[in-house]
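Following: one structure in C-alpha cells, then a few remarks.
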Amino acid sequence: MQSPHSPTVIERSDGTCLVECPQCHKGRASDIPIGIGLPMFDRITAELLAENHRDDHRSLTGAAIS
Numbered sequence: 007m008q009s010p011h012s013p014t015v016i017e018r019s020d021g022t023c024l025v026e027c028p029q030c031h032k033g034r035a036s037d038i039p040i041g042i043g044l045p046m047f048d049r050i051t052a053e054l055l056a057e058n059h060r061d062d063h064r065s066l067t068g069a070a071i072s
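Numbers given in the numbering used here equal positions in the sequence shown, counted from 1, plus 6.
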C-alpha cells in the first residue's frame, strides 16, 4: 500500500504559490503529477490542488469548492 501523500502549499517571495509533495519527489525522476512543483498565481488554486492531491487524486466537484 502506498503511503498517504502530504502536499504543502509554499508561498514564494514573487507572490506565486507552489504545491510540493515529498512523496511524489521521493525516488521519482519523471512521473510527478501535473501541478506539483509548478508556480501558481493564486493561493486558492494551490490549496485546491493540494487538497485534491491529498485525497488520493479524487476529482473536485462543485460541492467541494463552495
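All C-beta atoms in this analysis are idealised placements derived from N, C-alpha and C, irrespective of residue type, glycine included.
CB-CB under 6 Å to residue 42, same chain, minus the five flanking residues each way: which ones, in chain order?
Numbered from 1 along the sequence shown, position 36 holds the residue referred to as residue 42. Within the same chain, residue 42 has close Cβ partners 25, 27, 30.
Thinking C-alpha only, which one of 39, 38, 51, 11 is nearest residue 17?
Residue numbering aside, residue 17 sits at position 11 when the sequence shown is read from its first letter. Out of 39, 38, 51, 11, 51 has the C-alpha closest to the C-alpha of residue 17.
Residues in its own chain within less than 8 Å of residue 21 by CB, not counting five upstream and five downstream?
Taking the sequence shown and counting its residues from 1, one reaches residue 21 at position 15. The answer, listed in chain order, is 47.
For residue 19, count neighbouring C-beta atoms within 10 Å of its own C-beta (all shown protein chains included) and say buried if the count is 16 or more, exposed if not.
As a first step, residue 19 is located in the sequence shown; it is residue number 13 there, counting from the start. Exposed, by the Cβ-count rule.
What is the DSSP secondary structure of residue 27, counted as helix, strand or coil?
On the sequence shown, position 21 is the one that residue 27 refers to. It is coil, neither helix nor strand.
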